[in-house]
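Remarks on the structure that follows.
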Amino acid sequence: MYVFDHVISDRSVWSGLTFCYEHSCHGAELPFLFHSASVANFTLSPSEKLLSSRMLCYWGAFAHTGDPSSRSQQTTFCREKRLPIWPRYSDTSGFLVMNLTVRSHTQAGTRNHICDFWDQLDIYFALSELAAQLINCCSSQHCAKGCAHRLSPSP
803 MYVFDHVISD
813 RSVWSGLTFC
823 YEHSCHGAEL
833 PFLFHSASVA
843 NFTLSPSEKL
853 LSSRMLCYWG
863 AFAHTGDPSS
873 RSQQTTFCRE
883 KRLPIWPRYS
893 DTSGFLVMNL
903 TVRSHTQAGT
913 RNHICDFWDQ
923 LDIYFALSEL
933 AAQLINCCSS
943 QHCAKGCAHR
953 LSPSP
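Take the sequence shown: its position 100, counting from 1, is numbered 902 in my numbering, and each next residue is one higher.
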């Protein structure tokens, strides 16, 4: 698992989404992961380009071996960077993640403050009820007639 909370230096990446200025908004890691900053008409700083390359090292190793920290399939560049070891996920090891920043590091501990935000919205029951409606609808004859328009979460 990973956390990407780096604030992109070029504000033009958010093109009018002022809330995202000085924040790391949803999807902020994608230009780093796909080297697509120039396509989106913004630039990464030299340290952000290095972060992007490091992320590609992790994702490439994971694609080849199933382990983002594997050194066996890494390029010379990746091996020379001596990247921090990405912690293995385990249901008993607590909440260990790789925090992908200019100075990436392993981060331990819970992120209760984030979970608390979502818990306060009380959306879980509404979503599970909506899913149940969908299952019931599609298991009936109405599915062929398109029953999705009838679905709505209860207040």
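The beta-carbon is built from N, C-alpha and C at its ideal position, and this holds for glycine as well.
All of these numbers come straight from a predicted model, not from anything done at the bench.
Buried or exposed (CB count within 10 angstroms, at least 16 for buried), V809
Numbered from its first residue, the sequence shown carries residue 809 at position 7. With fewer than 16 other Cβ atoms within 10 Å, it is exposed.
Where Q876 sits in the DSSP three-state scheme:
Counting from one through the sequence shown, the residue named residue 876 turns up at place 74. If DSSP states are grouped into helix, strand and coil, Q876 belongs with coil.
Proximal residues to V904 (C-beta, below 6 Å), its chain only, five neighbours per side dropped:
Numbered from 1 along the sequence shown, position 102 holds the residue referred to as residue 904. Correct list, in chain order: S849 and L853.
I'd like to know whether the C-beta atoms of C859 and K883 end up nearer to each other than 8 Å.
Against the sequence shown, residue 859 aligns to sequence position 57. Against the sequence shown, residue 883 aligns to sequence position 81. In this structure, K883 lies closer than 8 Å to C859 by Cβ.
Reference M900, options F879, W861 and D921, closest by Cα
Here residue 900 corresponds to residue number 98 of the sequence shown, with the count starting at 1. Among F879, W861 and D921, the Cα nearest to that of M900 is on W861.
Would you list the one or two residues that DSSP bridges to Y804?
For the purposes of this step, residue 804 is identified with residue 2 of the sequence shown, where counting begins at 1. Per DSSP, M900.
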